[in-house]
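Residue numbers (our numbering), protein chains in the order written: chain A, 7 to 309; chain B, 7 to 309; chain C, 7 to 309; chain D, 7 to 309; chain E, 7 to 309. By construction, the Cβ of each residue, glycine as well, lies at the ideal position given by its N, Cα and C atoms. Only a predicted model underlies this, so the values are computations on that prediction, with no experimental measurement involved. Before any comments, here is the structure.
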């Protein structure tokens with residue numbers, strides 16, 4: 007067995023073998039199997055931003071089969087999506103490609119005053135569809151924070167009882183946080199820490215900038231190295247229980263391949279466990295998208 | 007994806023993707039991955055016959071780690087065992103080696119008057135331990151037949167709802183069946199058919215002899231070719247929904263390697279989906295046991 | 007058995023033996039075992055204030071193992087933390103170091119308009135993780151007071167039914183309370199009394215100042231001795247059912263060791279049952295932190 | 007922490023921290039704390055054989071306080087008893103002396119035709135009373151075997167979910183087993199193995215004789231060393247998952263101190279994890295009973 | 007408060023205040039209030055033996071009001087009866103006369119082969135009717151023993167959770183017990199012990215004879231004083247947790263007043279907590295019945 011994987015799993019001692027097994031499955035699938043690193047393809051942008059904004063750049067993306075096929079063929083560790091997209095492909099890919107069922111989602115047509123996604127799938131759905139984990143988005147900073155923390159607490163408990171780990175998208179957002187603050191180093195590190203404290207098995211955050219948002223955090227951050235993304239990633243990883251929880255970083259908005267790969271190199275250098283990149287993959291042509299995913303894996307493989 | 011596997015899974019259309027995914031996992035693991043064939047290591051003999059009768063020939067077998075390790079290293083599709091043996095290794099092997107949790111078991115110290123195993127594990131245990139299927143033994147012919155059929159009906163339903171397929175050990179036994187009759191062709195074929203009708207996803211029966219047990223079956227079997235084991239296996243496979251359900255054959259009591267391998271060749275020739283062999287593997291020395299399993303896989307691989 | 011402990015427990019007659027047993031365990035662990043006094047290490051600041059603000063002064067604190075190890079080695083009665091921090095160490099320390107699972111938590115990125123922590127763990131979690139008590143924060147004075155009182159009422163009931171006592175953090179806060187008022191003698195005494203009335207087994211409040219916040223309380227407090235912290239602690243203890251409920255005091259923001267130890271001497275002199283000090287312990291170097299905890303215990307031991 | 011204890015607990019990886027914590031508590035209490043060995047005082051004979059047959063030799067034993075006090079003062083790891091005896095002392099000893107609540111019991115006034123104890127306490131009782139484990143008796147060989155296996159399966163699952171391990175008394179008995187057979191080596195080893203397969207965390211069996219009961223077991227036992235009790239204990243320990251489950255041996259009927267201590271030396275030499283001795287302790291005078299328990303601990307301490 | 011009552015209640019520490027409160031109510035009502043002794047009027051004979059066999063000697067007994075009135079006016083501690091009799095009077099007497107709702111009953115028209123009463127009332131009924139306790143009959147020795155023990159275990163748990171103590175009628179009966187054996191000293195003492203182990207708060211047994219039923223008990227009883235009823239009662243009380251559970255004795259079949267009162271004197275002398283006498287009271291004329299009850303109280307008052 008892979009030492010890298012078993013060392014990571016040792017940090018989850020106390021979890022039942024079902025949860026451990028699914029984490030091991032995620033870490034033992036695809037090109038990065040056994041390295042302790044993950045590249046995951048997430049496709050919830052259709053739900054979050056609308057279909058054309060998401061799929062017009064590469065219209066094959068309208069088809070749910072495209073993404074599962076892309077994830078499998080490019081060698082991703084897993085594919086994450088909302089209920090409908092998973093349902094459309096599960097019978098064909100279950101048992102080959104690990105799914106992360108995104109159980110809450112938001113759309114950009116409107117909603118509650120405070121940031122809060124809707125529950126759109128269940129733990130039962132995850133089992134029925136042969137998924138290896140559930141995913142959930144929290145918005146620390148939201149006026150509806152309490153509702154979200156309480157919901158995910160119950161979901162994590164239910165998912166664990168049936169052997170499913172939980173991936174937490176932790177995206178600070180709310181009245182008290184500036185736009186720049188959403189990716190500020192103090193805020194991203196805080197978001198990662200909250201996700202770990204809530205019991206997340208895998209934490210997903212955005213790559214942090216060197217901005218410090220909170221006044222009270224200015225002083226403590228004076229001596230935290232933060233000039234390079236690698237240094238900032240290192241601090242986020244440290245904030246995630248000193249690296250004892252898996253932390254992956256989102257790719258964010260579509261960007262140039264070189265820029266993106268450099269970002270990944272920094273994430274890898276800083277000790278991040280991997281990348282979860284959607285638009286940068288599926289908004290490119292099939293060949294380019296797959297190549298980018300493979301290039302990303304190459305970076306983490308050699309980290 | 008493997009054509010052989012997908013052709014088999016097409017016979018299970020209508021099952022949910024969780025069940026399909028776990029069947030695909032069983033068919034996509036180990037040396038026989040993608041061939042549509044299975045070699046499974048079952049170790050419930052300690053429970054059924056007592057520890058020394060099971061493990062004295064190769065005392066490493068007293069240790070639950072030995073069997074999981076043997077199954078993994080020899081390249082088996084799965085490892086089947088009672089609760090305790092799975093619990094002892096699950097944290098280490100879950101996500102790598104598919105487990106089949108044997109949820110009922112019997113011992114030879116005594117019990118009810120009619121053949122009937124005790125429920126010794128649950129569907130919840132299977133999820134908690136990261137298993138890919140549950141296994142259950144029915145004794146068609148037992149005076150407690152109805153209790154067993156009704157129990158397995160409920161278990162299959164529960165297991166399905168959480169994405170787990172069911173493997174049915176179908177072993178005719180009871181006051182109305184002679185000792186020879188337990189492996190008679192008509193009885194084994196009947197046992198396979200009953201298991202399929204009960205909703206089993208995978209059926210396990212014993213290799214049939216050319217004996218015909220039931221008087222009423224004598225005439226219909228006059229024209230069924232049954233001279234060779236391959237022919238008889240073919241009939242059993244036919245009886246399992248014309249080959250639309252996976253049928254595997256037990257190895258039975260420990261025997262010479264040549265004899266066993268010839269038996270497997272016949273099973274493969276007759277269209278059997280594989281073999282589930284315990285004592286023949288774990289009662290040999292580690293090297294011989296692993297070699298036998300690998301030889302068995304070689305036979306099915308080339309079938 | 008310790009007279010001091012049994013005298014305290016006599017005030018909890020009517021509770022079931024499970025609750026009594028866990029209280030006895032808290033009072034029978036560590037350096038202060040048998041004295042009826044408690045020094046508890048709480049580490050929820052990562053969640054409440056963010057990781058760097060909490061752990062940058064002593065970066066070992068990013069690691070959940072550090073705190074459990076510090077609590078055990080310094081001889082604390084118990085270690086209190088949110089779900090994630092407990093989950094990360096429970097398998098290693100359960101059965102040796104009593105845990106208090108903090109089941110609600112707040113962060114400083116934003117939240118509801120009125121002070122109200124989110125439920126972030128459950129009584130089931132406490133049992134699964136081998137905890138000896140649950141902890142909960144109420145904010146008397148909050149516009150969401152009723153929700154909090156009703157939630158804790160149900161939690162205390164559930165926790166008791168499985169043998170777990172409840173520690174209540176009672177921190178007055180809200181539109182009608184001035185900043186100074188939050189630690190005013192009348193307000194802190196009131197907060198302790200409310201916690202007792204809600205059924206708390208152990209009450210945690212802040213050391214009170216000699217400020218009197220409520221106009222209606224000015225007159226009754228004229229004759230309450232309040233010049234020294236010891237006198238004020240004595241009044242708080244009196245307000246906690248005449249000393250029949252265990253009252254411990256928080257250490258508050260990090261401060262000089264001498265200042266802190268003098269505060270503890272006053273608390274001990276006033277009859278407080280102990281101290282729950284986090285930042286003052288874990289924001290120092292390991293050696294200094296452990297020394298401070300041990301010095302604190304020395305004070306209570308000789309009280 | 008104790009290496010001996012942590013090595014044992016490593017065999018229970020996959021269990022939740024609550025279960026691990028209670029096992030650690032049992033192994034970290036009393037004179038044998040940290041040695042990996044256990045001496046437990048069980049007092050269910052009043053229920054099983056009647057009060058005078060149990061307590062007339064030392065009438066102090068009629069009083070439930072006597073036994074808890076004896077267990078605590080002699081330095082036992084735990085005290086095991088039926089509901090009533092635990093209820094009578096739990097408020098006084100919970101949190102100091104680990105209790106094992108015996109949740110089924112039989113009496114000798116009559117009952118069902120086949121050996122089967124009655125459920126006399128619940129997992130909820132165990133939590134309410136502050137117990138560290140539940141205990142249950144199975145009678146392999148009984149015609150009511152299935153009912154017992156199914157009941158304990160459910161109880162173990164429930165107990166685990168609230169952090170409680172299970173101790174299984176495994177006493178073969180039934181129409182197919184001769185009186186001598188009940189303590190035959192093959193039968194006792196089998197009983198230990200069944201208990202492990204059912205998911206027991208701690209197995210209690212009787213010291214085996216060199217008799218072999220089952221015809222089919224004669225041959226496999228030819229080469230199993232069995233001349234001394236130590237050799238036979240070694241085989242039972244091997245049958246308990248190669249020593250990966252804790253196995254303790256009952257003291258049986260009251261006997262001479264020298265005879266008993268020699269038996270314990272053999273158990274210790276054979277690798278047994280300890281002894282659970284009732285009548286030999288409480289049917290002696292207080293001083294002699296305590297001395298015998300201490301002598302027993304001395305033997306295991308030096309093993 | 008009464009020392010005698012509080013000394014008894016101290017043996018029930020660990021019970022919740024609701025249960026304690028109802029026990030205190032039973033011990034603080036009527037002529038014997040505060041003495042620690044009880045005389046209870048039970049009227050279930052109509053159900054158990056038929057109305058005429060029960061009430062023809064004093065036809066006022068057909069009327070449920072008669073018994074409640076008798077119990078109240080004679081100064082009994084409580085009145086015990088089946089559902090219907092309690093329902094008929096509860097509105098009038100609840101709050102004045104403590105009721106013990108007998109929740110199972112048998113009739114003499116026929117029933118199961120083995121002794122086993124039917125559940126005829128519920129814990130909910132007891133609350134609805136303002137009762138202070140529930141009562142239940144077990145038949146140790148019955149082939150349906152397990153069903154009865156398991157039922158009462160659940161009932162005691164439910165009753166406790168709503169603050170109700172349980173009175174257990176423990177009447178050995180079954181194929182293995184001779185007619186004389188049902189009141190043999192060893193059997194009655196055993197029955198009392200079993201009831202205590204099952205968690206009964208108050209135990210009701212029959213006055214024992216000096217007969218010893220069980221062969222294995224002959225020797226242990228050689229040195230137990232048993233010549234007088236007082237001595238035998240003393241042994242039964244000892245068998246009931248050394249007097250730490252309340253034991254009351256039934257009056258049995260109607261008999262002469264002198265004979266009965268002498269029996270009560272012996273019970274009082276032996277340390278029995280009182281008497282529960284039905285037929286001897288209600289089958290006499292109102293004046294005689296009340297006198298007998300008062301005479302009985304006088305005996306216990308002066309004990």
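Where residue i falls: helix, strand or coil (DSSP)
| i | result |
| --- | --- |
| residue 28 of chain B | helix |
| residue 102 of chain D | coil |
| residue 230 of chain B | coil |
| residue 219 of chain C | coil |
| residue 181 of chain A | coil |
| residue 213 of chain E | coil |
| residue 76 of chain B | helix |
| residue 243 of chain D | helix |
| residue 290 of chain A | coil |
| residue 224 of chain E | coil |
| residue 95 of chain E | helix |
CB contact below 7 Å: residue i versus chain B
| i | result |
| --- | --- |
| residue 309 of chain A | no |
| residue 22 of chain A | yes |
Cβ-based burial, residue i [other Cβ within 10 Å; buried from 16]
| i | result |
| --- | --- |
| residue 119 of chain C | exposed |
| residue 125 of chain A | exposed |
| residue 71 of chain E | exposed |
| residue 35 of chain A | buried |
For residue i: DSSP bridge partner residues
| i | result |
| --- | --- |
| residue 140 of chain D | D/107, D/172 |
| residue 87 of chain B | B/107 |
| residue 124 of chain E | E/111 |
| residue 44 of chain A | A/280 |
| residue 208 of chain B | B/173, B/252 |
| residue 19 of chain A | A/21 |
Opening and closing residue of the beta strand (DSSP E) in which residue i lies
| i | result |
| --- | --- |
| residue 155 of chain A | Counting along the chain, residue 155 of chain A falls outside any beta strand (DSSP E), though it belongs to the alpha helix (DSSP H) covering 151-167. |
| residue 255 of chain A | 252-256 |
| residue 66 of chain E | Per DSSP, residue 66 of chain E belongs to no beta strand (DSSP E) and is neither H nor E. |
Residue span of the alpha helix (DSSP H) that contains residue i, given as start and end
| i | result |
| --- | --- |
| residue 38 of chain B | First-last for residue 38 of chain B: undefined, no H or E at that position. |
| residue 192 of chain C | 191-203 |
| residue 268 of chain B | 263-275 |
| residue 129 of chain C | 129-134 |
| residue 58 of chain B | 57-61 |
C-beta neighbour in chain A for residue i, strict 7 Å
| i | result |
| --- | --- |
| residue 143 of chain C | no |
Within-7 Å CB hit, residue i to chain C
| i | result |
| --- | --- |
| residue 117 of chain A | no |
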